[in-house]
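In what follows, a structure is listed as structure tokens, so that the remarks can point back to it.
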Amino acid sequence: MRRERTGDDREKAQDDGRRGFLKYAAGVAGVAAGAGLGGCPAAVAVPAGRSSGDAAAGGPAPERASDGRTLPPDRVPFHGRHQAGVLTPQQLFSGFAAFDVLVQDRAGLTRLFKELTERCRVLTAGVKPKDERTASEPQTPDSLTVTVGLGASLFDDRFGLAGHKPRHLKAMPAFPNDRLDPARCHGDLSLQVCAEHPDAIVHVLRDLARSTHGMIRPRWRMDAFMNPSRPSGSPRNFLGFKDGIVNPDTASRAEMDRLIWVTPPCGEPDWADGGSYQVLRLIRFHSESWDHEPVDRQEKVFGRHKASGAPLGRVKEDDPPDYRDDPEGRVIPLDAHIRLANPRTRHTDKSRFLRRSYNYDQGYDRRGRMDLGLVFCGYQQNVQRQFATVQHRLRHEPLARFITPEGGGYFFVLPGVRDEKDWFGSRLMRDTH
Numbered sequence: 065m066r067r068e069r070t071g072d073d074r075e076k077a078q079d080d081g082r083r084g085f086l087k088y089a090a091g092v093a094g095v096a097a098g099a100g101l102g103g104c105p106a107a108v109a110v111p112a113g114r115s116s117g118d119a120a121a122g123g124p125a126p127e128r129a130s131d132g133r134t135l136p137p138d139r140v141p142f143h144g145r146h147q148a149g150v151l152t153p154q155q156l157f158s159g160f161a162a163f164d165v166l167v168q169d170r171a172g173l174t175r176l177f178k179e180l181t182e183r184c185r186v187l188t189a190g191v192k193p194k195d196e197r198t199a200s201e202p203q204t205p206d207s208l209t210v211t212v213g214l215g216a217s218l219f220d221d222r223f224g225l226a227g228h229k230p231r232h233l234k235a236m237p238a239f240p241n242d243r244l245d246p247a248r249c250h251g252d253l254s255l256q257v258c259a260e261h262p263d264a265i266v267h268v269l270r271d272l273a274r275s276t277h278g279m280i281r282p283r284w285r286m287d288a289f290m291n292p293s294r295p296s297g298s299p300r301n302f303l304g305f306k307d308g309i310v311n312p313d314t315a316s317r318a319e320m321d322r323l324i325w326v327t328p329p330c331g332e333p334d335w336a337d338g339g340s341y342q343v344l345r346l347i348r349f350h351s352e353s354w355d356h357e358p359v360d361r362q363e364k365v366f367g368r369h370k371a372s373g374a375p376l377g378r379v380k381e382d383d384p385p386d387y388r389d390d391p392e393g394r395v396i397p398l399d400a401h402i403r404l405a406n407p408r409t410r411h412t413d414k415s416r417f418l419r420r421s422y423n424y425d426q427g428y429d430r431r432g433r434m435d436l437g438l439v440f441c442g443y444q445q446n447v448q449r450q451f452a453t454v455q456h457r458l459r460h461e462p463l464a465r466f467i468t469p470e471g472g473g474y475f476f477v478l479p480g481v482r483d484e485k486d487w488f489g490s491r492l493m494r495d496t497h
């Protein structure tokens, strides 16, 4: 087990890991290639230290960094009933990309799925095929995960999949306050690549571009990262508030089967068992306007103290808000983000979902304004019951003045690859044969 990394020791470990991964990447890289802001309760980090979707409760305690962040394992298992990268403790860096599929028939799509599987299996293991090994030293896997999802547009007439689309999968609609750029929305296929170093993301995408050349075409991409905790607790987003305080218990298999994973009672196609709906939202912050708001006004918009992250009237960030004793919103306004997103009632409990979001910084736009925001990433069992319901509650929240969703999409994350003989989409392709 990897020991806890702290202070200078952690910085050295990151540098060593980067050098190791660069040596690895040199051999495999070919061509270059939410809480919710905008719709969900504020959260980023997955609280439980589980390495894959099949991890059961009661295992060894997760490792934590000095700031309290749950550390992912050095090597995240690739095989399992569910894909990694959903319940995996959040890595520091991520890349999100969507693609259009160019192959024209089922044989081509099967070939694409198998090629993606083989390359992801090799990359996440941190080893190379025999013909690519050039160094005797072991290669670091960098806590790498690659999570593959399918968009609604793949289930058309090209591959005979139309009658086997997941029940709630569709093109992401434009919600109130959205300004969606078609060039940054949707896609036949999505990739979420996460690792402990940013160069790992680039090299993985390069490798996959080389191995799938001619089979897919990039549609949009966004690289993102987690801000470190300061001084401790949940990390902050670029609006200055702590993000990642509330999420379902990923260590509870029962809760995950109730809220995150598709199971037989959901009425989905048989092949979808073990998958999950992924919602991606590229949300830009209007930081100039936000920065002119007094702190007390900002706190009322979120419903939390800016310094501590605690709900208004409370002390610690993980203290639960007391809505029952505040029915008129004198402490936490009735339209505060946390109150609308998660009212904490028995009725609204079923709309909770897992947030795994990251920050982005794209420099300045043509008007000289900072282009900062959030790549909101949410996982759930039913996108209509969960994300869309929460989004409906938030449609008139005050926070909407300071954020604009500009892209993203709905995707269905495929069930996991069970073993060395299995591959992404195998049951889908067999069931639709």
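Its first residue numbered 65, the sequence shown is counted upward by one per residue in my numbering.
Glycine included, each C-beta is placed from N, C-alpha and C at the ideal position.
Exercise for review: Just mark alanine 99 as buried or exposed, buried being the case when its beta carbon has 16 or more other beta carbons within 10 Å.
Suggested key: Its pLDDT being 38, under 50, alanine 99 is placed unreliably in this model, and the coordinates cannot settle the point.
Check your understanding: Which residue's Cα is closest to the Cα of valine 165: Ala273, Glu260, Pro240, Pro153?
Key -> Nearest option by C-alpha distance: Ala273.
Exercise for review: Taking only the alpha-carbon atoms, compute the straight-line gap between aspartate 389 and valine 439 and give it to the nearest angstrom.
Suggested key: Between aspartate 389 and valine 439, the C-alpha separation is close to 34 Å.
Review point. When you compare each of Asp138, Val140, Ala405 to lysine 414 by their alpha carbons, which one comes out closest?
Key: Closest by alpha carbon: Ala405.
Review point. Does the region 418–438 touch the region 301–308, meaning 3 or more C-beta pairs lie closer than 8 Å?
Key: Output reads yes: the region 418–438 touches the region 301–308.
Check your understanding: Excluding five sequence neighbours on each side, which residues of the same chain lie with their C-beta closer than 8 Å to the C-beta of glutamate 363?
Key -> Result list for glutamate 363: His369, Lys370, Leu376, in chain order.
Practice item. Note down, in chain order, each residue of its chain lying with its Cβ closer than 7 Å to the Cβ of methionine 434, except the 5 sequence neighbours on either side. Key: Taken in chain order, the residues that qualify are Ser351, Tyr428.
Review point. Is it the case that the Cβ atoms of valine 140 and serine 217 are separated by a distance below 7 Å?
Key: No; because the gap between Cβ atoms is not below 7 Å, this pair is not in contact.
Practice item. Take the Cβ of valine 212 as the centre, count every other Cβ of all protein chains shown within 10 Å, and call the residue buried at 16 or more, exposed below. Key: With 16 or more other Cβ atoms within 10 Å, it is buried.
**Study point:** Close beta carbons around alanine 238, own chain, < 6 Å, minus the five adjacent residues each side
**Key:** Cβ within range, chain order: Leu244.
Point to revise | Supposed close pair alanine 495, tryptophan 335 - CB separation, criterion 8 Å | key: Note that residue 495 corresponds to aspartate in the displayed sequence, not to alanine. Cβ-Cβ separation between aspartate 495 and tryptophan 335: approximately 5 Å, consistent with a contact (criterion under 8 Å).
Review point. Hey, leucine 344 and phenylalanine 475 are a contact pair by Cβ (cut 8 Å); roughly how many whole angstroms apart?
Key: 7 Å between Cβ atoms; contact.
**Study point:** Beta-bridge pairing of valine 210 - partner residues as DSSP gives them
**Key:** Under DSSP, the beta-bridge partners assigned to valine 210 are Val257.
Review point. Since glycine 373 contacts serine 298 with CB under 8 Å, what's their CB separation in whole angstroms?
Key: Contact holds; Cβ gap of about 6 Å.
Review point. Which stretch, first to last residue, makes up the alpha helix (DSSP H) that contains glycine 172?
Key: Residues 170–189.
Practice item. Taking only the alpha-carbon atoms, compute the straight-line gap between tyrosine 341 and arginine 419 and give it to the nearest angstrom. Key: Looking at the two C-alpha atoms, the distance is approximately 12 Å.
Check your understanding: In chain order, what residues of the same chain have a beta carbon less than 7 Å from the beta carbon of arginine 283, not counting five sequence neighbours either side?
Key -> The residues are Ala162, Phe163, Asp164, Gly251.
Review point. If you run the structure through DSSP and keep just helix, strand and coil, what is alanine 371?
Key: Taken through DSSP and simplified to helix, strand or coil, alanine 371 comes out as coil.
Point to revise | Chain-order list of residues whose beta-carbon lies under 6 Å from that of glutamine 168 (same chain, five-residue window excluded) | key: Hits under 6 Å: none found.
Practice item. Please report the residue range of the beta strand (DSSP E) in which phenylalanine 451 lies. Key: For phenylalanine 451, there is no enclosing beta strand (DSSP E), as DSSP marks it with neither H nor E.
Check your understanding: Helix, strand or coil for histidine 250 per DSSP?
Key -> In this structure, histidine 250 counts as coil in the three-state DSSP scheme.
Practice item. Could you check what DSSP says for leucine 492 in three-state terms: helix, strand or coil? Key: In the structure shown, leucine 492 sits in a helix (DSSP, three-state: H, G or I).
Exercise for review: Note down the Cα distance separating valine 477 from arginine 361, rounded to an integer number of angstroms.
Suggested key: Distance between the alpha carbons of valine 477 and arginine 361 is about 39 Å.
Point to revise | Straight-line gap, isoleucine 309 to valine 150 (C-alpha atoms, nearest Å) | key: Distance between the alpha carbons of isoleucine 309 and valine 150 is about 17 Å.
Check your understanding: Would DSSP call valine 268 helix, strand or coil?
Key -> Helix, per DSSP.
Point to revise | For valine 477, the three-state DSSP class (helix, strand or coil) | key: Assignment of valine 477 by DSSP, reduced to helix, strand and coil, places it in the strand class.
Exercise for review: Determine the extent of the beta strand (DSSP E) in which glutamine 434 is found, giving its start and end residues.
Suggested key: Looking at the sequence shown, residue 434 is not glutamine but methionine. Membership of methionine 434 in the beta strand (DSSP E) is indicated by the continuous run 434–444.
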